[in-house]
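Each residue of the sequence shown is one higher than the one before, starting from 22 at the first, in the working numbering.
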Amino acid sequence: MTLRWLLILLVGFVTGCGTTAHYRNILIDSNSVGYGPCEPSIAMDPNNINNLVASAVLDRAYYSRDGGLTWEKQHLSSPYGVWGDPVVISDFKGNFYYFHLSFPSGEGDWESDKLDRIVCQKSIDGGRSWLRSTFTGLNPPKDQDKEWGIVDPENNSIYLTWTQFDKYGSEDPEDYSNILFSKSTDDGATWTPAIQINQYSGHCLDDDNTTEGAVPAVGPKGELYVSWALNEKIYFDRSNDFGETWLDEDLIVADQPGGWDQVIPGLGRANGMPITLCDLSEGPNRGTVYVNWSDQRAGESDTNIWMASSKDGGTSWSVPIKVNDDHSGRHQFFPWATIDQSTGYIYVIFYDRRAFDDETTEVYLATSKNGGKSFTNEKISERPFRANAELFFGDYNNITAHQGSIRPIWTQVDGETLSIWTAIIEK
């Protein structure tokens, strides 16, 4: 019997109500001292879906060789420092890449002008070890922050986007935030000089008027798509020449009431980061671009998850579809979406408070098999938790999927202890 079918037997079953599922939750790491673990990300080797790599604040790296049932842990090191916003992605050669912020001195409290570049570290052995660091975006004293990456399956190029703050936290109207782009065509060994791709700059206060939250996606012909939040709107840009040139004018996907900086009870901070995706499957929605985000169009006490789609490369967009299927008037937040490129199915992980009238929180998975026209919801966390605003909870969760294996990753809180989890989901 293959490991895949053994995992399916372990998963359990979906109950008849269609909203509650029983999936085995796996604790990856926990800690009650210092930062983290939080802001987890996870990547799957497309050549072997049992090989997984994950990351968490500040410098944690994990790998699994059995589909996520067991994990090995290590701490990343770099001559440029390792200071959070961890992102792991995989390429189509079986390599993994770990992106993070820099902090070369590693001493004292966090200072924005010390986060001077975006660092990339590569693993060729499935996350057991990490090669020397490369970097992009060095432009002191400006702050390089909130990065994300994607790999083009056709040419294995790596594309990276992030926010540059002229001076993080500055109230000076002459200090701006902008979206930058860089790429590597040699498996992360070198990077092109960073270029600004947005036309409308934000300020540096890390709120609704900041240009922030850029997550790239790649299309079937190497098109590049990026969206971000600014001024309670979701903006969008596109390149048709592998990132050499971009649109002359930023496009708008949708309004985002509540904006980037959303108030969620029990959290010290929360954002509505937009996630950009593109269907690369051979299914009927190949080439469709999606953007997933949260906003408060129903009011500050009712945050919801949304998705819009585009059939023309982002020039025009569908009316946003509500991803969470409840009518509780309660908060759903911190979404992250992925596409299983073997099927074209869309999966969205998010926190959910539909079953409670306080800050008690569960984790849900939404699934769409029809190109984002509708979603089914199911609970995937085995037990609820209560957030603690005194702890740094992070800014995002993550999810990966391939060949019917779905591995979400999220942060939970138990008193003063933060932990990160995955669930074994086979469909």
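Cβ coordinates follow ideal geometry from the N, Cα and C atoms, glycine included.
- Under 7 angstroms Cβ to Cβ from residue 99, same chain only, skipping five residues before and after it: list those, please. On the sequence shown, position 78 is the one that residue 99 refers to. 140, 142, 154.
- Query: What did DSSP end up calling residue 135 once you bin it into helix, strand or coil?
  - Reply: Numbered from its first residue, the sequence shown carries residue 135 at position 114. Three-state result, residue 135: helix.
- Item | Exposure of residue 279, with buried meaning 16 or more beta-carbon neighbours within 10 Å | Residue 279 sits at position 258 when you count from the first residue of the sequence shown. With 16 or more Cβ atoms within 10 Å of its Cβ, residue 279 is classed as buried.
- Would you mind sorting residue 48 into buried or exposed? The rule is 16 or more other CB atoms within 10 Å of its CB. By one-based count along the sequence shown, residue 48 stands at place 27. Its Cβ having fewer than 16 others within 10 Å, residue 48 is exposed.
- Message: Quick check: residue 370 and residue 418, are their CB atoms within less than 9 angstroms of each other?
- Response: Working through the sequence shown from its first residue, we reach residue 370 at position 349. Working through the sequence shown from its first residue, we reach residue 418 at position 397. In contact: residue 370 and residue 418 (Cβ atoms closer than 9 angstroms).
- Task: Sort out for me which residues DSSP pairs residue 398 with in a bridge.
- Result: Taking the sequence shown and counting its residues from 1, the one referred to as residue 398 is at position 377. Per DSSP, 387.
- Item | Rounded C-alpha distance that separates residue 191 from residue 245 | Counting from one through the sequence shown, the residue named residue 191 turns up at place 170. Counting from one through the sequence shown, the residue named residue 245 turns up at place 224. Approximately 31 angstroms between the Cα atoms of the pair.
- Message: For a test of the three-state rule: what should DSSP assign to residue 356, helix, strand or coil?
- Response: Along the sequence shown, read from residue 1 onward, the residue named residue 356 stands at position 335. Note: residue 356 maps to strand in three-state DSSP.
- Query: Between residue 363 and the rest of its own chain, which residues show a CB-CB distance below 8 angstroms, the 5 nearest in sequence each way excluded?
  - Reply: Along the sequence shown, one-based indexing puts residue 363 at 342. Hits under 8 angstroms: 302, 423, 424, 425.
- Message: Excluding the 5 residues flanking residue 307 on each side, which residues of the same chain have their C-beta closer than 8 angstroms to its C-beta?
- Response: Counting from 1 along the sequence shown, the entry for residue 307 is found at position 286. Around residue 307: 241, 300, 301, 365.
- Those runs of the beta strand (DSSP E) which lie wholly inside the segment 234-290 and span at least 3 residues: 245-251, 254-260, 272-276
- Touch check for the segment 340-358 and the segment 371-390: three-plus C-beta pairs under 8 angstroms? yes
- Extent of the continuous beta strand (DSSP E) run through residue 215: The sequence position of residue 215 within the sequence shown is 194, counting from 1. Looking at the DSSP string, residue 215 is not in any beta strand (DSSP E), and its letter there is neither H nor E.
- Message: Assuming contact is defined by CB atoms lying nearer than 9 angstroms, are residue 257 and residue 315 in contact in what I supplied?
- Response: Within the sequence shown, the letter at position 236 stands for residue 257. Within the sequence shown, the letter at position 294 stands for residue 315. The answer is no: Cβ separation not under 9 angstroms.
- Paired residues, beta bridge with residue 141 - DSSP: As a first step, residue 141 is located in the sequence shown; it is residue number 120 there, counting from the start. Looking at the DSSP assignment, residue 141 forms a beta bridge with 120, 155.
- Item | Residues near residue 27 in its chain [Cβ-Cβ closer than 7 angstroms; skip 5 each side] | As a working note, residue 27 is residue 6 in the sequence shown. Confidence is the limiting factor: at residue 27 the pLDDT is only 46, short of 50, which leaves the residue's position unreliable and the question unanswerable from this model.
- Message: For residue 175, report the span of its beta strand (DSSP E) as first-last.
- Response: The residue you call residue 175 lines up with position 154 of the sequence shown. Element bounds for residue 175: n/a, residue is neither H nor E.
- For the candidate residues 415, 410, 408, 421, whose alpha-carbon lies nearest to that of residue 386? The residue given as residue 386 occupies position 365 in the sequence shown. For the residues 415, 410, 408, 421, the minimum Cα distance to residue 386 belongs to 421.
- Message: Just verifying my parser: in three-state terms, what is the DSSP assignment at residue 435?
- Response: By one-based count along the sequence shown, residue 435 stands at place 414. Reduced to three states, the DSSP call for residue 435 is strand.
- Message: When you compare the segment 169-182 with the segment 83-103, are there three or more beta-carbon pairs, one atom per stretch, that lie closer than 8 angstroms?
- Response: no
- Query: Which residues in the same chain as residue 159 place their Cβ atom closer than 7 angstroms to its Cβ, once the five residues preceding and following it in sequence are excluded?
  - Reply: Numbered from 1 along the sequence shown, position 138 holds the residue referred to as residue 159. Closer than 7 angstroms at the Cβ level, and outside the excluded window around residue 159, lie 137, 138.
- Item | Limits of the unbroken beta strand (DSSP E) element including residue 93 | Position 72 of the sequence shown, counted from the first residue, corresponds to residue 93. Where residue 93 is concerned, the enclosing beta strand (DSSP E) stretches over 93-96.
- Item | Whole-number beta carbon distance between residue 295 and residue 326, since they are thought to touch under 8 angstroms | Here the question's residue 326 lines up with position 305 in the sequence shown. Here the question's residue 295 lines up with position 274 in the sequence shown. Actually they do not touch by this definition, with Cβ atoms about 11 angstroms apart.
- Message: Strictly by DSSP, which residues pair up with residue 429?
- Response: Locating residue 429 in the sequence shown gives position 408, counting from the first residue. DSSP lists 420 as partners of residue 429.
- Item | Residues bridged to residue 315 [DSSP beta-bridge criterion] | As a working mapping, residue 315 is identified with position 294 in the sequence shown. In the DSSP output, where bridge partners are listed per residue, residue 315 has 326.
- Task: State the beta-bridge partners of residue 447 as determined by DSSP.
- Result: For the purposes of this step, residue 447 is identified with residue 426 of the sequence shown, where counting begins at 1. Per DSSP, 426.
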